[in-house]
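Protein chains: 2
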Amino acid sequence: MSISLDSKLSFDLVFSHPLLATEPNSETAPMVLAGVLLTLVFVYLASKLGGELSKLVDLPPVLGELVAGVLVGVSALHLLVFPETGAVASDSVVITILEKIAGLTPENMGEVFNTSSEVISILAELGVIILLFEIGLESDLRELQKVGSRAAIVAVVGVVAPFIAGTVGLILIFGMATIPAVFAGAALTATSIGITSKVLSELGQLKSTEGQIIVGAAVIDDVLGIIVLAVVASLAKTGDVDIANLVYLIISATAFLFGSIFLGKFFNKSFVAIAEKLQTRGKLVIPALIFAFSMAFLANVIHLEAILGAFAAGLVLDETDKRKELDQQVIPIADILVPIFFVSVGARVDLSVLNPTIADNRQGLVIAGFLILVAIIGKVITGWSIFGQEKINRLAIGIGMIPRGEVGLVFAGIGAASGVLDKPLQAAIIIMVILTTFVAPPLLRFAFQEEELQLEKPDLAIDG
Amino acid sequence: MSISLDSKLSFDLVFSHPLLATEPNSETAPMVLAGVLLTLVFVYLASKLGGELSKLVDLPPVLGELVAGVLVGVSALHLLVFPETGAVASDSVVITILEKIAGLTPENMGEVFNTSSEVISILAELGVIILLFEIGLESDLRELQKVGSRAAIVAVVGVVAPFIAGTVGLILIFGMATIPAVFAGAALTATSIGITSKVLSELGQLKSTEGQIIVGAAVIDDVLGIIVLAVVASLAKTGDVDIANLVYLIISATAFLFGSIFLGKFFNKSFVAIAEKLQTRGKLVIPALIFAFSMAFLANVIHLEAILGAFAAGLVLDETDKRKELDQQVIPIADILVPIFFVSVGARVDLSVLNPTIADNRQGLVIAGFLILVAIIGKVITGWSIFGQEKINRLAIGIGMIPRGEVGLVFAGIGAASGVLDKPLQAAIIIMVILTTFVAPPLLRFAFQEEELQLEKPDLAIDG
Numbered sequence: 012m013s014i015s016l017d018s019k020l021s022f023d024l025v026f027s028h029p030l031l032a033t034e035p036n037s038e039t040a041p042m043v044l045a046g047v048l049l050t051l052v053f054v055y056l057a058s059k060l061g062g063e064l065s066k067l068v069d070l071p072p073v074l075g076e077l078v079a080g081v082l083v084g085v086s087a088l089h090l091l092v093f094p095e096t097g098a099v100a101s102d103s104v105v106i107t108i109l110e111k112i113a114g115l116t117p118e119n120m121g122e123v124f125n126t127s128s129e130v131i132s133i134l135a136e137l138g139v140i141i142l143l144f145e146i147g148l149e150s151d152l153r154e155l156q157k158v159g160s161r162a163a164i165v166a167v168v169g170v171v172a173p174f175i176a177g178t179v180g181l182i183l184i185f186g187m188a189t190i191p192a193v194f195a196g197a198a199l200t201a202t203s204i205g206i207t208s209k210v211l212s213e214l215g216q217l218k219s220t221e222g223q224i225i226v227g228a229a230v231i232d233d234v235l236g237i238i239v240l241a242v243v244a245s246l247a248k249t250g251d252v253d254i255a256n257l258v259y260l261i262i263s264a265t266a267f268l269f270g271s272i273f274l275g276k277f278f279n280k281s282f283v284a285i286a287e288k289l290q291t292r293g294k295l296v297i298p299a300l301i302f303a304f305s306m307a308f309l310a311n312v313i314h315l316e317a318i319l320g321a322f323a324a325g326l327v328l329d330e331t332d333k334r335k336e337l338d339q340q341v342i343p344i345a346d347i348l349v350p351i352f353f354v355s356v357g358a359r360v361d362l363s364v365l366n367p368t369i370a371d372n373r374q375g376l377v378i379a380g381f382l383i384l385v386a387i388i389g390k391v392i393t394g395w396s397i398f399g400q401e402k403i404n405r406l407a408i409g410i411g412m413i414p415r416g417e418v419g420l421v422f423a424g425i426g427a428a429s430g431v432l433d434k435p436l437q438a439a440i441i442i443m444v445i446l447t448t449f450v451a452p453p454l455l456r457f458a459f460q461e462e463e464l465q466l467e468k469p470d471l472a473i474d475g
Numbered sequence: 012m013s014i015s016l017d018s019k020l021s022f023d024l025v026f027s028h029p030l031l032a033t034e035p036n037s038e039t040a041p042m043v044l045a046g047v048l049l050t051l052v053f054v055y056l057a058s059k060l061g062g063e064l065s066k067l068v069d070l071p072p073v074l075g076e077l078v079a080g081v082l083v084g085v086s087a088l089h090l091l092v093f094p095e096t097g098a099v100a101s102d103s104v105v106i107t108i109l110e111k112i113a114g115l116t117p118e119n120m121g122e123v124f125n126t127s128s129e130v131i132s133i134l135a136e137l138g139v140i141i142l143l144f145e146i147g148l149e150s151d152l153r154e155l156q157k158v159g160s161r162a163a164i165v166a167v168v169g170v171v172a173p174f175i176a177g178t179v180g181l182i183l184i185f186g187m188a189t190i191p192a193v194f195a196g197a198a199l200t201a202t203s204i205g206i207t208s209k210v211l212s213e214l215g216q217l218k219s220t221e222g223q224i225i226v227g228a229a230v231i232d233d234v235l236g237i238i239v240l241a242v243v244a245s246l247a248k249t250g251d252v253d254i255a256n257l258v259y260l261i262i263s264a265t266a267f268l269f270g271s272i273f274l275g276k277f278f279n280k281s282f283v284a285i286a287e288k289l290q291t292r293g294k295l296v297i298p299a300l301i302f303a304f305s306m307a308f309l310a311n312v313i314h315l316e317a318i319l320g321a322f323a324a325g326l327v328l329d330e331t332d333k334r335k336e337l338d339q340q341v342i343p344i345a346d347i348l349v350p351i352f353f354v355s356v357g358a359r360v361d362l363s364v365l366n367p368t369i370a371d372n373r374q375g376l377v378i379a380g381f382l383i384l385v386a387i388i389g390k391v392i393t394g395w396s397i398f399g400q401e402k403i404n405r406l407a408i409g410i411g412m413i414p415r416g417e418v419g420l421v422f423a424g425i426g427a428a429s430g431v432l433d434k435p436l437q438a439a440i441i442i443m444v445i446l447t448t449f450v451a452p453p454l455l456r457f458a459f460q461e462e463e464l465q466l467e468k469p470d471l472a473i474d475g
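These protein sequence lines map, in sequence, to chains A and B. Take the first sequence: its letter number 36 is residue 47 in my numbering, and every next letter is one higher. Take the second sequence: its letter number 194 is residue 205 in my numbering, and every next letter is one higher.
Written as structure tokens, this is what we have:
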């Protein structure tokens, strides 16, 4: 017996992965790598299946990736589950496979699950950072500045209208207390810049005036959202607003955005000069990522979001002669990282909130109906808030602002953590986030298609 | 006071990153992302500085990346340190920066350090997996089969010669006990396929007969190394060899390698058929990565190395019409991941073993001198073990097998963990690994240059 035990020990010792051999947890390290590899295989399979099927029925592929994410996630197949949604190691199919075929021991399951989940989470975050960097590269700073004031109006109306309508409606119609109503109202203000910009890119509308207004407004909305969240979270926590914090946030956000644009005018020349001097592999993409990750880090530490920094970096580098070449090289990097983000967003969605056999959910579904109405109308009207008589696809702009996506999930998460949201309201917010996220891509497709049809008709008349 | 405490709490709550807002450790999650981003910035800066300087003095860039890794690692700047080399959070400059400017609390430092280090380790491993996938894509299965028997001889001689010379020498000259001598002898058998193939690729020699023999031999050496390691570790642990384990290893390794080649003849057509049907972004690179990661996972779970699976996947896909297009797309992905691997290998090297003021090191340096001699001669002679009279650069082949790299570090790590190596011998092995790793790239450059000069001379004579 002791021999077999010993040989088992030496076996574990022997097959520790090279790089991590002397690590304290050297027994689990190769399992973490195995877990990450298997998870990535599932994530990629899901993203391709979902994306291709979505494309086949003429919908934006990202919608398919989100749906496939739901399918592999906590709601169904459990191929991709995260500790923060309450899953434990034995809930994960990947961990179960490792236990069955790779000799993962029950004692190490928890550690391998947590670590590999954390790695996938960070890869997903790097994915959305690269996505926003790419969107920045494909956007045009001059065009964005041209639509700046219109984007700002769209963003402000898209924050104020659903916030007021949602909060007041919850208080008056549902007799809700002020603080939870304010929190739910705040959750209605979000716009997912990731989902919106990806759909625009897939529809080939990113560079259109409408596309640039939507992206600009989504960026501003993201900043406003961070400020709104700071206010309501502080309100929920202390019953008071932390003014100093608020002022700090507003100043740092403004300084960051304008600082990047200003920097852009000077830095892009130095960037090209440096890139042209380099001779080894990655001579363009590595300096670009150094810049993008530095900006993302900076945005992160001044309490903005990392993606805003990456977007700003993309905008700056878009102004250089190297843009096209860089864009070409960023595409495969985005192709392998971005799907991890969208599939993860889908995987975190817990559809059990839709189960009407649970009392809290029934109540939640009623509130959700109201929130969804406000969420859609409150954003769609933003298209008509733009001044001027110019011919513009107002419906598309309004629809582009609808998806709450991962930003909306934050509000729900923080609300749940702070204890101000009861179960039904929490479920209602999550349902609203899910529905607005999934309904926006096909609606946006439709809105831009309508425009094409209208543009084509006069041509036909002339031809006839 | 209580207000400021509360606002600090709500502040932490508010700025949890979106995706991870509901995670148990939601306070540390945005700090982990910040830590990973800042580390990547340092890694990329180091890799570019090192690579470019190396190129300027006409040496392979990968040598510069390794040296730059040493500079930013545990031996000098502490920008990139790992828990498994004994570092704690406060040793890490990145963690210190986060504490100073990003509000990381002392209680969370350890967790953020461990998690972000783990993420960087996995990114490094994905880097070497992508590197070997790329090397597989650039290799030619037919060419490899043609050189197969010669590669096998080079590998076997390169394992047997240094093992016997090292073990016997340590026993006879240094009066060492058998088990530590066997362990040190085993450490001499390794060849770093990563470093060798990267240098060959940088010298444009990957596709030459010599290059293919070296890569083939390094792959076989890697498999032999795993078997040798299993034997000596079992010997060190129990004083006996676990025959069942050994047989399992040999059978699974053989089955895997031949299985992949066999699979290659059938699978590549289906792969092209699938890739041609897909229409969404990443239609080529995602199926390729699904295949590569699946093979890497498979190799990992049957206790081979993940990189062998990735290499086999690359070889298989090299046989398809899509090879060129795929190669183009893998380049930027490799460009951003591979440097993380080489800089990490450098960063883990602890140069303090070279400090002669420590008694153990002085003794280690003497043994190291012997080990280095055996390590270099034992591999260089492999070039002359090839039968046949053909004109071949035997010196280059021998030198190509010299670098022990990350594979050598494993032996040292496992030896240290198992307790069979005393301090001086441990230091000696590490010094041997460092020296063979750093000396091989310039020597290989020189060996291929000599060849060019010899090839040029006759031409000159004819011209004259």
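For glycine and all other residues, C-beta sits at the position ideal for the given N, C-alpha and C.
Straight-line spacing of the CA atoms in B:Gly320 and B:Asn372 works out to 38 Å.
Every alpha helix (DSSP H) of 4 residues or more that sits fully in the segment 286 to 333 of chain B is shown, in chain order, as 296 to 312 and 317 to 329. Closest by C-alpha distance to B:Ala428, out of B:Ala247, B:Gly394, B:Val239 and B:Ile204, is B:Ala247. Judged by DSSP in its simplified three-state form, B:Lys390 adopts helix. Of the candidates A:Ile397, A:Lys157, A:Ile347 and A:Ile184, the residue whose Cα lies closest to the Cα of B:Ile301 is A:Ile347. Proximity to A:Gly275 across A:Lys111, A:Ala188, A:Val252 and A:Gly325 peaks at A:Gly325, based on C-alpha coordinates. For A:Phe93, the secondary structure class from DSSP, reduced to helix, strand or coil, is coil.
For B:Gln223, the uninterrupted alpha helix (DSSP H) segment begins and ends at Thr220 to Thr249.
Under the Cβ distance rule, A:Gly62 counts among the residues neighbouring chain B, one pair being separated by less than 8 Å.
With a 10 Å radius around the Cβ and a threshold of 16 neighbouring Cβ atoms, A:Ala284 comes out exposed. Under a criterion of Cβ atoms nearer than 8 Å, the residues of chain A adjacent to B:Ile344 are, in order, Pro343, Ile344 and Ile347.
Of the residues assessed, A:Lys111 falls on the exposed side of the cut-off, its CB having fewer than 16 other CB atoms within 10 angstroms.
Residues of chain B whose Cβ lies closer than 7 Å to the Cβ of A:Lys66 are, in chain order, Gln290 and Thr291. Counting only Cβ-Cβ distances below 9 Å, B:Asn119 has no contacts in chain A at all, with the closest Cβ about 14 Å away.
Judged by their CB atoms, A:Val105 and A:Leu51 are not nearer to each other than the 8 Å cut-off.
Using a Cβ-Cβ cut-off of 7 Å, B:Thr126 is close to Glu129 of chain A, given in chain order.
At a cut-off of 8 Å between C-beta atoms, A:Glu136 counts as an interface residue with respect to chain B. Within the segment 405 to 429 of chain B, there are no complete beta strand (DSSP E) runs of at least 3 residues. For the pair B:Thr220 and B:Ile403, the CB atoms are nearer than the 8 Å cut-off. With at least 16 other beta carbons inside 10 angstroms of its own, B:Gln340 counts as buried.
Note on B:Arg153: under 16 other CB atoms within 10 angstroms of its CB, so exposed under the neighbour-count rule. Taking the C-beta atoms as reference points, A:Ala229 is found no nearer than 8 Å to A:Thr265. Remark: fewer than three beta-carbon pairs, one from each stretch, lie closer than 8 Å, so the segment 175 to 182 of chain A and the segment 399 to 419 of chain A are not flagged as touching.
A:Val312 and A:Val327 have their C-alpha atoms roughly 20 Å apart. In this structure, A:Phe352 lies away from A:Val123, with their beta-carbon atoms at least 8 Å apart. Separation of B:Phe174 and B:Tyr55 (C-alpha to C-alpha, rounded to the nearest whole angstrom) is 37 Å. Note on geometry: alpha-carbon atoms of A:Ile410 and B:Ala40 lie some 32 Å from one another. Relative to B:Gly147, the option among B:Gly62, B:His89, B:Tyr259 and B:Ser212 whose CA is nearest is B:Ser212. Around B:Val92, no beta-carbon contact reaches into chain A at under 9 Å, the shortest distance being about 13 Å.
DSSP places A:Phe185 in the coil class of the three-state scheme, outside both helix and strand. Taken residue by residue, none of the segment 151 to 171 of chain A has a beta-carbon sitting less than 9 Å from a beta-carbon on chain B. Straight through space, the alpha carbons of B:Glu145 and A:Leu240 are spaced by roughly 45 Å. Residues of the same chain with a CB within less than 7 Å of the CB of B:Ile190, apart from the 5 flanking positions on each side, are Leu246, Ala247 and Val431 in chain order. A:Ala188 and A:Ile440 do not touch by the CB rule: their CB atoms are close to 15 Å apart, not below 8 Å. Under the DSSP assignment, A:Thr50 falls in the alpha helix (DSSP H) whose first and last residues are Ala40 to Leu67. Pairing B:Lys59 with A:Gly357, the inter-Cα distance amounts to about 37 Å.
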